[in-house]
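K.L.:
In the UniProt record's numbering, the protein residues as written are 1 to 1159.
Using N, Cα and C, we set each Cβ at its ideal position, and we do this for glycine too.
Given the structure is predicted, the values throughout are model-derived calculations rather than measurements.
Attaching a single structure in structure tokens format; questions to follow.
Here it is, written out as structure tokens:
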């Protein structure tokens, strides 16, 4: 007694002695069946006690089995019958004894009876419509039975092989009747197929007859989407398990994990049947067998006649081939972290092997010409492209290459956008993998890419398709120069016009493209093209520069209409990368720097006005980057720019309006809100430009040493007493306009005369000057002790002076009167004697003095230089210099201010001096040999190939770390991190490269932590890979390493570059983009520019990063506020003459007081 459909298929024969009640009237049958079933359900123990023989059980099952043929109105009886059978199947204690004695036969009969539940039937109710839904109950009951099928698979140990086959035939017949029969419940399709496929795997069947049955019927089910979806799910799950078995724990899944499709709560209310995930732990050997058998269950997918089903089938097959082709390329990071040791990544299967299994289906599919199958064809094309466009494995057989090239050529020749889009999207790196003979496809690809990129109707071709075209063309940039001149290529038309085609396509894209990311991509490709062409044809560069400047002039004043501000920012960034090529560019156009600077300078005021009117129309970043771009070009092209009065005026005007940005933008309307940090960024960029124009134009590099833009002179080194600057009598500190820190160091012992060493600190660095006071062409020697002034006449004050003639007349008119009486003679005599004695002594002294005066030179002498440091004040020359320069003018008292001189000030100065004046970067460079898969292997390399060593010298120059005066990037001078390292610097940037091959290798520390400490913490890593497969970006496990620039040496001195980012939505950067191929001469500069731009973007995304220029300004402002003194007029000048301790006492007392903290 089973579903007739199954017996009609010949899967299971029907027993004519069964199904006795089938012909009985429904009322009679319903009465008998309902009574017996309810009795068994209500009094189960008593009922089964009556079943003492096999005949008794047969009779009971005859009645109970009829319940599955009752109308769904009797769903309660049917549900009870399911309960009874379920107890007999899975509970040994509840089974009647005769069933235990012949379990396999009775199990088969129970599942025969279950088959009836899947037959559709009508309700017998004739009353008015009611809320009752018989379909819902029918689906519920069918799902209960399906759940029993699933449970049976979990109890496989109790089932014999014949019983397994019987159950599989029942579920196979039920599925066939449901999918193909008119009486089937189509709502059960997805659930039935899930149960069938899962049960089939659980059976571990290797019976070829059974597999033949499955394939026979599954092929016929191919016109139903449910079949293909569930087949895809099984095949993908088995493939992942096979990959895990073949290629190790980092690949695939450790069990068969099937993700079913189409299940939902309405059609699959049972939690087991409706569970979308099935996990099966099957024997390893059976996995391989089942995978091979299931792949062919639905037959050749090209025989599927429904286009949608045909598409779905090939989507599943494409996913399977992708899993196989990309084994070892992107294992989950979580699996790597779980491993206590470095994991060796497996190698993907050979492409020829994959083609042997799936190639016939794919090549047959791409040759379909019926338009309704184009979507399936496109998927087949995509799958083929993914198989061929990858690195690793042995070269493809020429027969396979010929088939592939022929298919690609035909696909690109068609006008069907679905087909050629699939080809472009999945083979945009086809020329990067050195496929033999692939260059024959260049004209076909160029034709399609040119059509897509030059079209004015951008809605016709999606943004992602245009991006793929740009990537593909970028891989061709270096080919014309490389091959066009070769003797073998003279007769080959591929390369003759390729250079012109590439340039024309990029120019048209620059004019027509509107996608922000795509036009940025085009611009970076242009930058790479210029680097490739600069030495052969610099005029190409001028053409593209003018095109970008035209774009800026024509659309920069109206941003947000056609282009986003990021487009113009990229123009500035591209122009910045071209400054090292200035010497070659000016050969083609001597005024190239002048044109660039003039155009950008005109844009700055316009953009600032737009920002003030509406903050949404432009970006502060556009103004900021424009000022930085002007600075770059002024530095290299000052010889042409500075003589042009008009251009210099425009530059200064741009600086002026930007410096006034806080005032301009503060007056905007309330609806136009510009964040303060944006306003500050504009103002700081203008200060940066002005400072570098004043400090570095025509003055970089200094003394042929670009590693140093600031002096290494310190106060202590220059002070005569070699004391700390806070106690040295020879050192004083001042600040001017809260921007310039000026330290005067007195130099009293200079051979050419006393002088002053001046240290000036500002936002751009620290500078030192030596000054002396000169009055002639050459300095004169100072005398040790100057002579004393002795008078200007030959007669001294004690010499006799003749009486004046008028004096006698006066005396003649006076009456004589004696001075005293004669009584006083004795007294007078005594006095006279004393006078004679004194007079005699005076005469003696006078004679001696007159003798000396006769030999004295009394001629007038010119003043001589005095020794200035006899007094306690040691600030003489410094005071004079400051006075001569006007700093001590009364009107500057509030601007030129003396600082406190103490240890706190010196510590603040050291912090400022340790803050770099240029942007500093640390970039890792990792060498990968063939066969190296783990970070431990990478870090044990102590050298590299000749090409690698040559590359290291092309990104910078090698410096001796022990004597290097520039940025060290965390490396040590003591040799613990190596003796040398590549380094690069220009006026605004310093780069130190962390190169593990140049660091010492430890024999005790296998993980080489001292190397990983540097490379693992770098934001950007450059990977030089000579491996036979693509580099895995998580080889070095680190929370940093946000960008990987991977270089693969190719034949003929060319290099493929892949760019991987940790963050998917990272802003576009360049010049190198993913998939490019570049020549050796351009590789080093392009890698350097790309790594620096990537590092700037990563740091810009961090909230804690501040540019050195900004950091130094804040430190100077902080220092000014903390140590500036407030002296009255008396003390302001008096301290300049005092000895240091007295001056310090006054300045300390005049320091601003800190406010007390009140709680």
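(1) Is the beta carbon of residue 626 closer than 8 Å to that of residue 596?
(2) When you compare only the Cα positions, how much space is there between residue 80 and residue 41?
(3) On the three-state DSSP scale, how would you describe residue 31?
(4) Just the C-alpha distance for residue 222 and residue 314, rounded to the nearest angstrom, thanks.
(5) According to the neighbour-count rule (16 or more other Cβ atoms, all chains shown, within 10 Å of its Cβ), is residue 1149 buried or exposed?
(6) According to DSSP, simplified to helix, strand and coil, what is residue 42?
(7) For a test of the three-state rule: what should DSSP assign to residue 4, helix, strand or coil?
(8) So residue 1091 and residue 1022 are supposed to be a Cβ contact under 8 Å. How far apart are they, rounded?
(9) Using 10 angstroms around the beta-carbon of residue 965, count the other beta-carbons present and answer buried if the total reaches 16, otherwise exposed.
(10) Using 8 Å as the Cβ pair cut-off and three pairs as the minimum, do the stretch 877-888 and the stretch 746-764 touch?
(11) Check each candidate in 563, 542 and 543 and name the one with the smallest Cα separation from residue 552.
(12) Can you tell me whether residue 1145 is buried or exposed? The criterion is at least 16 other CB atoms within 10 Å of its CB, across all chains shown.
(13) Taking 8 Å as the threshold (C-beta atoms), are residue 538 and residue 611 in contact?
(14) Under DSSP, the beta strand (DSSP E) around residue 450 begins and ends at which residues?
(15) Could you tell me whether the Cβ atoms of residue 762 and residue 734 are closer together than 8 Å?
(16) I need the straight-line Cα distance from residue 786 to residue 774, nearest angstrom please.
(17) Just to confirm the assignment: which complete beta strand (DSSP E) runs, minimum length 3, are found wholly within the stretch 245-278?
(18) If we require 3 or more residues per run, which beta strand (DSSP E) segments fall completely within the stretch 708-758?
(19) Is it the case that the Cβ atoms of residue 525 and residue 1073 are separated by a distance below 8 Å?
(20) By the three-class DSSP mapping on this structure, what secondary structure does residue 1166 have?
(21) Could you give the residue range of the beta strand (DSSP E) that holds residue 1043?
(22) Compare the Cα-Cα distances from residue 541 to each of 574, 930, 973 and 429 and report the closest residue.
(23) Measuring alpha carbon to alpha carbon, tell me which of 382, 177, 149 and 1008 ends up nearest residue 164.
(24) Quick one: Cα of residue 30 to Cα of residue 198, how far?
(25) Go ahead and pull the three-state DSSP assignment for residue 624.
(26) How should residue 918 be labelled, buried or exposed, when 16 other C-beta atoms within 10 angstroms of its C-beta is the threshold for buried?
(27) Might you give, ordered along the chain, the residues of its own chain that have their beta carbon closer than 8 Å to the beta carbon of residue 312, omitting 5 neighbours on each side?
(28) Under three-state DSSP, which class holds residue 1106?
(29) So residue 272 packs on residue 102, CB below 8 Å; how close in whole Å?
(30) Using DSSP's beta-bridge definition, name the partner residues of residue 920.
(31) Taking 8 Å as the cut-off, does the stretch 1060-1067 touch the stretch 1077-1092 (at least 3 CB pairs, one atom from each stretch)?
(32) Which residue or residues does DSSP assign as beta-bridge partners of residue 1124?
(33) Run through the DSSP bridge pairs and tell me what residue 1175 is partnered with.
(34) Going by DSSP, what residue range makes up the alpha helix (DSSP H) through residue 693?
(35) Using a 10 Å radius around the Cβ and a threshold of 16 neighbouring Cβ atoms, would you call residue 746 buried or exposed?
(36) Name, in chain order, the residues that DSSP records as bridge partners for residue 767.
P.N.:
Here's the rundown:
(1) In this structure, residue 596 lies away from residue 626, with their beta-carbon atoms at least 8 Å apart.
(2) If you take the alpha carbons of residue 80 and residue 41, they lie about 6 Å apart.
(3) Residue state, collapsed to three classes: helix.
(4) Cα to Cα, residue 222 sits roughly 13 Å from residue 314.
(5) Residue 1149 is classed as exposed because its beta carbon has fewer than 16 other beta carbons within 10 Å across all chains shown.
(6) Helix.
(7) Three-state DSSP puts residue 4 in a helix.
(8) Contact between residue 1091 and residue 1022 holds, since their C-beta atoms are separated by about 6 Å, short of 8 Å.
(9) Counting Cβ neighbours within 10 Å, residue 965 comes out exposed, since fewer than 16 surround it.
(10) Per the Cβ contact rule, the stretch 877-888 is in contact with the stretch 746-764 (3 or more Cβ pairs under 8 Å).
(11) Measuring C-alpha to C-alpha distances from residue 552 to each of 563, 542 and 543 identifies 563 as the nearest.
(12) Residue environment for residue 1145: exposed (fewer than 16 other C-beta atoms within 10 angstroms of its C-beta).
(13) At a Cβ-Cβ threshold of 8 Å, residue 611 and residue 538 do not count as neighbours.
(14) Boundaries for residue 450: no beta strand (DSSP E) harbours it, while the alpha helix (DSSP H) harbouring it runs 442-454, taken from the DSSP string.
(15) With contacts defined by Cβ atoms closer than 8 Å, residue 762 and residue 734 do not form a contacting pair.
(16) Reliability of the predicted coordinates at residue 786 is poor, the pLDDT of 42 falling under 50, and the value obtained from them is presented with this limitation in mind. Whole-angstrom Cα-Cα distance: 20 Å.
(17) Every beta strand (DSSP E) stretch that sits fully inside the stretch 245-278 and reaches 3 residues is listed by chain position as 256-259.
(18) 731-736 and 740-747, all fully within the stretch 708-758.
(19) One thing to note: residue 525 has its Cβ within 8 Å of the Cβ of residue 1073.
(20) Within the shown structure, residues of the chain are numbered from 1 to 1159, placing residue 1166 beyond reach of any answer.
(21) Following the DSSP letters along the chain, one finds residue 1043 inside the beta strand (DSSP E) bounded by residues 1043-1049.
(22) Across the set 574, 930, 973 and 429, the C-alpha of 574 shows the shortest separation from the C-alpha of residue 541.
(23) Checking every option, the nearest Cα to that of residue 164 belongs to 149.
(24) Computed Cα separation, rounded: 35 Å.
(25) Judged by DSSP in its simplified three-state form, residue 624 adopts helix.
(26) Classification of residue 918: buried, given that the 10 Å Cβ count is 16 or more.
(27) Short of 8 Å from the beta carbon of residue 312, and not among the five residues preceding or following it, lie these beta carbons of its own chain, in chain order: 225, 228, 229 and 232.
(28) Residue 1106: coil per DSSP, three-state reduction.
(29) No, residue 272 and residue 102 are not in contact; Cβ-Cβ is about 28 Å, not under 8 Å.
(30) Bridge partners of residue 920: 990.
(31) Counting C-beta pairs with one atom in each stretch, the stretch 1077-1092 and the stretch 1060-1067 have fewer than three that are closer than 8 Å, which means they do not touch.
(32) For residue 1124, which the question treats as bridged, DSSP gives the partners 899.
(33) Coverage of the chain is limited to positions 1 through 1159, which leaves residue 1175 absent and any answer about it impossible.
(34) Taken as a continuous stretch (DSSP letters only), the alpha helix (DSSP H) holding residue 693 covers 676-695.
(35) Burial call: buried.
(36) Residue 767 is bridged to 760.
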